[in-house]
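S.K.:
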């Protein structure tokens, strides 16, 4: 299949206020002349940047400085580092389908790029996609629940809108669910109740003839509720979930009470509107747009706002600006930031975690409070304002204290920290997980890597604000360390849920343990962790872990070592104060050997993951953590020698 290329010369990365960025295609030569491409544009388009070769590095510090020289060319004027945040493929169909229903045309050049992307990511053997399906696998009726939803062929949703009227103290109240899941099921339940469906068009009629294995009119839709292709099932339905589907269909649907239905629908819609004011939701944004179309019409201001920003969520959230910049700031002590200065509107009535003092994953507009992002951003601020000579104090003490207060408020009952919120619902609610391709979607869980980010941020804050809530911070850290001890596996590792995987979490764990005095010499736990990492060092002296580790919950080697994971492992050994510099020195040599003449490193395997199966790219990390590790290693090896 041949698709005309749009080329690369006319694309520009438009950088907006607050760290926003979006690709824009220039139609004319005059526009191109007025707006020439930058190094940032060329780098992310895969065009040679043509920066000069740098002097050959003599040691790890020189290599780090060369890396920094290159990285500076990718910094935006406001201080953040633009970058791709991609990987999930289940979001693009929603954007395309939602745009079609909204009557919002996709730009021709964007359409071509989308098709190219799909062709380039097709499975090399069967021509399919990771979360897609083929007729030989059962057709659309065998797709997971989200696929069924988007094709609007079957209303097999777990959530009935009446659940929103339950008292908030009820354990299964949707306000207690994991935030991403409840924000997805919210518009799903609305659209299901109003039986929202696109008007029939020749295209839709043609699709009905192509995507099913049996004639469309002969399909028994209720019989398809629990049919999912085997390759798409990671978290099979429980019997309890299947029973609840039947129960809701047979009782609540069969016994309608119009006043209750109207009240529930109004409540659901009000929550959708609140969420549109609060955040840029990565998964539910297009679903919210369809709800606004039904309630207010295609030409409404609310729908126009959604259409204008729909490309923010084609492959994920609207970037990883804060996350990348916070790490870069800690590594380089040289970058600007963006934080959230107040709670979101309606945060209590919309069941949101408070966010005053928080940092989101990308920009303030994205809006979700995250423990690890807030922790890493707070550390970056403390370093920038206290470890640089004559540094301006742009973040007041009051705002520092807001962040500290927020972090302490998010500790869960087991001493650990979740991702977005405190745990609100009982663990048995995972039995109702209807997202067959993902795990751990119903409840906010606690995570070692989120917990360690909070520990390190709070401990470092005490270096500069020792008197502020000292007893409270000490108690929070003690509980968190106890949790961290309990999460360590017998082999010495920690399981990571947001990066790949044991290497990622173990690095964070050893950093936080070092700050409370636990090192290789003083702690059997740290010693076990270091020995675990050393046992995974590959013959070429690097580390490489496959994302399959997250799926199977056991360490699985990647076929090749990776500079990012090699950097994580070497940093972990240094945090743990491992006394033998030889394995660290060999890791340094491996990373240096892959540095290109202009100071950069090439992209290797995927770095991130969530919900055990969905991988995400963080391409800036290959530049940030390599520089960070090399700089640390230079000091560490010199110090021990």
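Residue numbers (the working numbering): 396 to 1036. Cβ atoms here follow ideal geometry from the backbone N, Cα and C, with glycine treated the same way. Keep in mind that this is a model prediction, so the values were computed, not measured.
1) Considering Cα atoms alone, identify which of 774, 890 and 683 is closest to residue 726.
2) Three-state secondary structure (DSSP) at residue 518?
3) Going by alpha carbons, who is nearest to residue 820 out of 571, 626, 697 and 672?
4) When DSSP labels each residue in this structure, what does residue 996 get in the three-state scheme?
5) Starting from residue 416, follow the beta strand (DSSP E) in both directions and report where the run begins and ends.
6) Nearest-angstrom Cα distance between residue 505 and residue 418?
7) Over the uninterrupted beta strand (DSSP E) stretch that includes residue 1011, give me the two end residues.
8) Suppose only complete runs of 4+ residues qualify. What are the alpha helix (DSSP H) ranges in the stretch 905 to 983, listed by chain order?
9) Short of 6 Å in beta carbon distance, which residues of its chain neighbour residue 1016, apart from the five on each side in sequence? Order them along the chain.
10) Between the stretch 946 to 955 and the stretch 973 to 986, can you find at least three pairs of beta-carbon atoms closer than 8 Å?
11) Taking Cβ positions, are residue 924 and residue 888 nearer each other than 8 Å?
12) Suppose you measure from the CA of residue 476 to the CA of residue 628; what does that come to, to the nearest Å?
13) Which residue comes first and which comes last in the beta strand (DSSP E) that contains residue 1004?
14) Output the boundary residues of the beta strand (DSSP E) element that contains residue 782.
15) Between the Cα of residue 931 and the Cα atoms of 413, 857 and 964, which residue gives the shortest distance?
16) Under three-state DSSP, which class holds residue 806?
17) Within a Cβ cutoff of 6 Å, which residues of the same chain sit near residue 611, ignoring the five residues on either side of it in sequence?
18) If you reduce the DSSP assignment to three classes, tell me which class residue 441 lands in.
19) Please classify residue 861: is it buried, with 16 or more other beta-carbons within 10 angstroms of its beta-carbon, or exposed?
20) Spatial neighbours of residue 507 within its chain, please: C-beta separation below 8 Å, excluding the five flanking residues on both sides.
21) Please classify residue 811: does DSSP put it in a helix, a strand, or coil?
22) Please report how far the alpha carbon of residue 983 lies from the alpha carbon of residue 918, in whole angstroms.
23) Under 6 Å Cβ to Cβ from residue 411, same chain only, skipping five residues before and after it: list those, please.
24) Could you say which of 681, 939 and 811 lies nearest to residue 881 if we only look at CA atoms?
25) Quick check on DSSP: helix, strand or coil for residue 545?
26) Give the secondary structure of residue 636 by DSSP, where H, G and I count as helix, E and B as strand, and everything else as coil.
27) Quick one: give me the first and last residue of the beta strand (DSSP E) that residue 407 is part of.
28) Would you list the one or two residues that DSSP bridges to residue 894?
29) Evaluate residue 403 with the Cβ neighbour count: other Cβ atoms within 10 Å of its Cβ, from every protein chain shown; 16 or more gives buried, anything less gives exposed.
30) Where residue 512 and residue 436 are concerned, what is the direct C-alpha to C-alpha distance, given to the nearest angstrom?
31) Could you give the first and the last residue of the continuous alpha helix (DSSP H) run that contains residue 827?
32) Tell me which residues share the same chain as residue 1011 and place their Cβ nearer than 8 Å to its Cβ, disregarding the 5 neighbours each side in the sequence.
33) Would you tell me roughly how many angstroms separate the C-alpha atoms of residue 528 and residue 543, rounded to the nearest one?
34) Within 10 angstroms of the Cβ of residue 885, are there 16 or more other Cβ atoms? Answer buried if so, exposed if not.
M.R.: If we stick to the structure as given:
1) 774
2) coil
3) 571
4) strand
5) 416 to 420
6) 9 Å
7) 1009 to 1011
8) 919 to 930, 943 to 947 and 958 to 970
9) 959 and 1002
10) no
11) yes
12) 36 Å
13) 1003 to 1005
14) Unbroken run through residue 782: none, as it is neither H nor E.
15) 964
16) strand
17) 603
18) coil
19) exposed
20) 398, 399, 400 and 401
21) coil
22) 26 Å
23) none
24) 811
25) helix
26) helix
27) 406 to 410
28) 1003
29) exposed
30) 18 Å
31) Careful: residue 827 lies outside any alpha helix (DSSP H) and carries neither H nor E.
32) 480, 481, 482, 483, 711, 1001, 1002, 1003, 1004 and 1005
33) With a pLDDT of 46 at residue 528, under the threshold of 50, the predicted position of this residue should be treated as unreliable, though the coordinate-derived value follows. Rounded to the nearest angstrom, the two C-alpha atoms are 11 Å apart.
34) exposed
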